[in-house]
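**Student:**
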Amino acid sequence: MKSMDLRELTSLYKYNYWASGRLMSVVDTLSQEQFLRELGSSHRSIRGTLVHIMGAEWIWLSRWRGQSPKALLSEEDFPDAESLKRRWREVERQMLDFVWGLKEEDLRQRISYTTTEGAPYTSPLWQMMLHVVNHSTYHRGQVTSMLRQIGIEPKGTDLILYYRELAAE
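And the structure:
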């Protein structure tokens, strides 16, 4: 299987954080009750789903750096939107620093890691990096649905909207 090139992958990571930023801007408008309300999604609440997105990005970045965390981030560590946003910005900065530091040949590197359940795997970096963007996109869609359940219409986060915005600059 041919690997993705660095230019394309970098573009997807820029999009990923553009889209997440649009969604996180809505979090500022939520009450604490809305942020924590159980809405029947796979991660129960807006907070739970956002912590899951951020935690997945953190855990994959850790794996790429040679560490295999044994546990996911806990939503209880983020009692309010501000604490989540502080950690989110930190994870985003670390991820983008990692992406900007890559060379084309790094993408084909096979990285071994252990899941939180203890299962060992080895995958090419480019596949894991695509997984992270796809995973975040999937769960942003869940957050969008939860926001609509509570009467809030968030900004669009489709990839084509990102490209249109870039073209307009």
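Counting in this note's numbering, the sequence shown runs without a single skipped number right up to 275 at its last residue. Backbone N, C-alpha and C fix where the C-beta goes; we use that ideal spot for every residue, glycine too.
Using DSSP with H/G/I as helix, E/B as strand and the rest coil, what is residue 221?
**Tutor:** For this step, residue 221 is matched to residue 115 along the sequence shown. Residue state, collapsed to three classes: coil.
**Student:** For residue 136, tell me which candidate among 269, 215, 255 has the shortest Cα-Cα distance.
**Tutor:** The residue you call residue 136 lines up with position 30 of the sequence shown. Of the candidates 269, 215, 255, the one whose C-alpha sits nearest the C-alpha of residue 136 is 255.
**Student:** Bridge partners of residue 150, per DSSP?
**Tutor:** As a working note, residue 150 is residue 44 in the sequence shown. Residue 150 is bridged to 147.
**Student:** Going by DSSP in three states, residue 216 sits in which element: helix, strand or coil?
**Tutor:** Position 110 of the sequence shown, counted from the first residue, corresponds to residue 216. Residue state, collapsed to three classes: strand.
**Student:** Can you find a C-beta in chain C that's less than 7 Å from the C-beta of residue 206?
**Tutor:** Of the protein chains in the structure, only one exists, and it is not chain C.
**Student:** Is DSSP giving residue 228 helix, strand or coil here?
**Tutor:** What you label residue 228 is simply residue 122 of the sequence shown in a count that begins at 1. It is a strand residue.
**Student:** Given this structure, state the Cα-to-Cα distance separating residue 184 from residue 144, to the nearest angstrom.
**Tutor:** Within the sequence shown, numbered from 1, the residue matching residue 184 stands at position 78. Within the sequence shown, numbered from 1, the residue matching residue 144 stands at position 38. Looking at the two C-alpha atoms, the distance is approximately 15 Å.
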